[in-house]
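A.B. asks: Below is the structure I would like to discuss, written out as C-alpha cells.
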Amino acid sequence: MSQRRGDQAFAFSLLSPALLIMLVVVFLPLAYAFFLSLNKAEIVVVGGKGSVLAEWRWLKNYLYFLVDPSFWYSVRVTSYFTGVSLAIELVIGTIIALVLDKEFWGRPVVRALLILPWAVPTVVNARLWGLIFEPHAYGALNGLLQTLHLIGPTEAVNFLAPIPIFQNVPGLGQITTWLGATRAINWLILGDTWKVAPVVALLVLAGLQTVPKELYEAAEVDGATAWGRFWRITVPMLRPVILVILVYRTMELFRVFDILYILMAYTIPVLAVKTYQEAFVFGGFGRGSALAFLIGLFILIIAFVYIRLVAVTEEA
C-alpha cells in the first residue's frame, strides 16, 4: 500500500507543473471571465490609465440576453450556419474518405495534398474567398460568369450581399431578415467547407481503416449490396469517429468568428460576432463574458444530446 501511495505521489509531482500551468493559463482566466459576467464591467480611463470598473449585477447579464430578440436572432443564424456546415462537411468528407480507402495510383500523394486546405491560415482562407466573391469584374466568380456569358461584360453579382428583405429587431434596428441573410451565409458555408471537409475526410478514413475487411467479405458472400454494406457495417463501425467529428465541429462552428467577421463584419450577427461587439465595440465586458458562457452552455447541451443519441442507437 505504501509503495502504491509513493508511486501516486511521484506521478502527481510529475504532473504538478503541467497542472499549475493549466490553472494559470486556463482556469484563472475562466474564473475571472465568470466574475465579469456577474457584473456590469466597463473600462474606465483615469489619468491616462484604463481599468475595469465592476458593479455587481448577479444574473442580470444572462437574463438580459434571454429576453433580448437580437440574441435569439443570432442563435438562429448561428444554428443554421452550424447545422448546414456540419452536414455538408460530414457528407463530403465521408465520400472523399470512401474514395481514398480504395487502391488507386497516386493515393499517397492525394492523401498528403488533402491536408493543404486545412493548413491554410483562416485569415488567408477568408481573404481568398473574398477575392473569389468580389462583387466586381475582377472577382474570380464574376469573371467566370462573364466568360460563360451568363452575365454581361459590365455586370457583377454581389454574392455576399444579403437579399434586401428587412425587419426591425430591438437591439439591432433594421436588419436583414432570416430569409435575406441565408443567401450570404450559404456562400460563407462554402468557404468554410472547403477548408474543413478534407480534415473530416482524414478522420473518417482513419475510422474506415479500423473496420475488419472480413466483415465486408462475409456480407458480400451473403449477397449484401454495396449500399447495404455501407449502412449495416460502415456507418455502425464509424459511430465513435462520427461522434468525435460532430462534437468537435459543433464546438468550432458555434463559436466561428474569423471568416464571418473578415468577409461580412457585423452584417451576419452570429453569436461569436455579437460577443465581440458586446465586449470590444460597446465596451460591455460583463455582457460579453455572459454571452461567451451562454455559448459554452449551448455547446455542452448539444454535445450531451449527441452522446445520448449515439448511446441510445448502440443500445437499440
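Residue numbers for the sequence shown follow our numbering, so the first one is 632 and each next one is one higher.
For glycine and all other residues, C-beta sits at the position ideal for the given N, C-alpha and C.
1) Can you look up TRP687 in the DSSP assignment and give me helix, strand or coil?
2) Which residues does DSSP pair with ASN670 in a beta bridge?
3) Check whether the segment 900 to 908 and the segment 854 to 874 touch, using three or more Cβ-Cβ pairs below 8 angstroms as the test.
4) Pick helix, strand or coil for GLY822, following the three-state DSSP scheme.
5) For GLN908, does the three-state DSSP call read helix, strand or coil?
6) Taking just the CA atoms, how far does ASP732 sit from VAL842?
7) Apart from the five residues on each side of it in sequence, which residues of its chain come closer than 8 angstroms, Cβ to Cβ, to ILE926?
8) How would you call GLY804, buried or exposed, if buried means at least 16 neighbouring beta carbons within 10 angstroms?
9) Leaving out five residues on either side along the sequence, give the residues of the same chain with a beta carbon under 6 angstroms from the beta carbon of ALA832.
10) What's the gap between the Cα of VAL830 and the Cα of LEU721?
11) What is the DSSP secondary structure of PRO748, reduced to helix, strand or coil?
12) If you count every other CB in all the chains shown that lies within 10 Å of the CB of GLY737, and 16 or more means buried, which is it?
13) CA-CA distance, THR824 and SER716?
14) For PHE861, does the three-state DSSP call read helix, strand or coil?
15) Inspect the beta-carbon positions of TYR711 and ILE816 and report whether they are closer than 8 angstroms.
16) If contact is defined by three or more beta carbon pairs under 8 angstroms, each pair taking one atom from either stretch, is the segment 687 to 696 in contact with the segment 871 to 881?
17) Are the beta-carbon atoms of PHE916 and ALA662 separated by less than 8 angstroms?
18) Please state if the CB of ARG688 and the CB of LEU667 are separated by a distance shorter than 8 angstroms.
19) Which residue wins for smallest C-alpha separation from LYS826, given the options ARG758, THR753, VAL741?
20) Taking all protein chains shown into account, do 16 or more other C-beta atoms lie within 10 angstroms of the C-beta of PHE665, making it buried, or fewer, making it exposed?
21) Whole-angstrom Cβ separation of LEU772 and ILE763, contact assumed at under 8 angstroms?
22) What would DSSP say about THR713, mapped onto helix, strand or coil?
23) Do the CB positions of GLU909 and LEU922 come within less than 8 angstroms of each other?
24) Classify GLY737 as helix, strand or coil using the three-state DSSP reduction.
C.D. replies: The structure says:
1) In the three-state reduction of the DSSP assignment, TRP687 falls in the strand class.
2) Looking at the DSSP output, ASN670 shares a beta bridge with TRP687.
3) In short, these stretches do not touch, since the Cβ pair count stays below three.
4) Helix.
5) It is helical.
6) VAL842 and ASP732 have their C-alpha atoms roughly 11 angstroms apart.
7) Listed in chain order, the non-local C-beta contacts of ILE926 below 8 angstroms within the same chain comprise PHE885, ARG886, LEU902, ALA903, THR906, local neighbours out to five positions each way being set aside.
8) Low confidence applies here, because GLY804 scores a pLDDT of 47, under 50, leaving its location unreliable; read the following figure in that light. That one is exposed.
9) When the five nearest sequence neighbours on each side are left out, the beta carbons in the same chain lying within less than 6 angstroms of the beta carbon of ALA832 are those of GLY724, ILE727, ALA728, in order along the chain.
10) C-alpha separation (whole angstroms): 10 angstroms.
11) Annotated three-state conformation of PRO748 is helix, per DSSP.
12) With fewer than 16 other Cβ atoms within 10 Å, it is exposed.
13) If I take the Cα positions, the gap works out to 7 angstroms.
14) It is helical.
15) In this structure, TYR711 places its C-beta atom within 8 angstroms of the C-beta atom of ILE816.
16) In short, these stretches do not touch, since the Cβ pair count stays below three.
17) ALA662 sits away from PHE916, with the two beta carbons spaced by 8 angstroms or more.
18) ARG688 is positioned such that its CB atom lies no closer than 8 angstroms to that of LEU667.
19) Measuring from the Cα of LYS826, the nearest candidate turns out to be THR753.
20) If you draw a 10 Å sphere on the C-beta of PHE665, you find fewer than 16 other C-beta atoms in it, and that means exposed.
21) Cβ atoms of LEU772 and ILE763 come within 8 angstroms of each other, at about 5 angstroms.
22) Residue state, collapsed to three classes: helix.
23) In this structure, LEU922 lies closer than 8 angstroms to GLU909 by Cβ.
24) In the three-state reduction of the DSSP assignment, GLY737 falls in the coil class.
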